[in-house]
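Asks:
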Amino acid sequence: MKAISIALPGGHRSATVAREFIGLLTRSWRLADGGGLALLTSELVSNAVLHGGGAVSLTVMLRDDHVRVEINDRSAGMPAPRQPDVDGGFGLGIVDRLARAWGVSALPDGKTVWAEYQLP
């Protein structure tokens, strides 16, 4: 298993940095991915920054047939899908469609939102 973690400072650039990071990893690890993993990751990071506030950490683990992405933030609030509208609400729906599984684990000082992306 390969694994790597980075800290993201929060703010509007975090999702972009996460997408670029995933792009570098997919090339480095020679993964065949059409962008789904990057989209999945950026949606998780965007939600964590928007609703968790502040810095987040991103951990990416390569397993036999999938990639596991974990986002840690300092908010105790749990993510909940909402009805999409002009202001957003599409993030967890996108995650649900792209991930083979996803969930949330509470931590003493926040939470981890994780998702598993099936490799082709």
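Reminder that position 25 of the sequence shown reads as 40 in the numbering used here, one-by-one numbering, no gaps. Even glycine gets a Cβ: it sits at the ideal position worked out from N, Cα and C.
(1) Is alanine 22 helix, strand or coil when you go by DSSP?
(2) Along the beta strand (DSSP E) that carries alanine 116, what are the first and last residues, could you check?
(3) CB-CB under 6 Å to alanine 63, same chain, minus the five flanking residues each way: which ones, in chain order?
(4) Is glycine 106 helix, strand or coil when you go by DSSP?
(5) Taking 7 Å as the cut-off, decide whether the C-beta atoms of alanine 130 and valine 110 are in contact.
(6) Measure the alpha-carbon distance for alanine 22 versus glycine 50 and round it to whole angstroms.
(7) Could you tell me which of Lys126, Met76 and Val60 sits nearest to tyrosine 132, measuring between CA atoms?
(8) Can you give me the start and stop residues for the alpha helix (DSSP H) that arginine 42 sits inside?
(9) In terms of residues, what are the limits of the beta strand (DSSP E) holding valine 75?
(10) Do you know whose CA, among Leu59, His27 and Leu65, lies nearest arginine 83's CA?
(11) Hey, quick one: how far does the beta strand (DSSP E) through valine 82 stretch, first residue to last?
(12) Restricting to Cα atoms, I'd like to know which of Gly26, Ser43, Leu52 and Ile37 is closest to histidine 66.
(13) My output table needs one value for alanine 91: the three-state DSSP class, helix, strand or coil.
Replies: This is what the structure gives:
(1) strand
(2) 116-122
(3) Val71, Ile86 and Asp88
(4) helix
(5) yes
(6) 22 Å
(7) Met76
(8) 29-43
(9) 71-77
(10) Leu59
(11) 81-88
(12) Gly26
(13) coil
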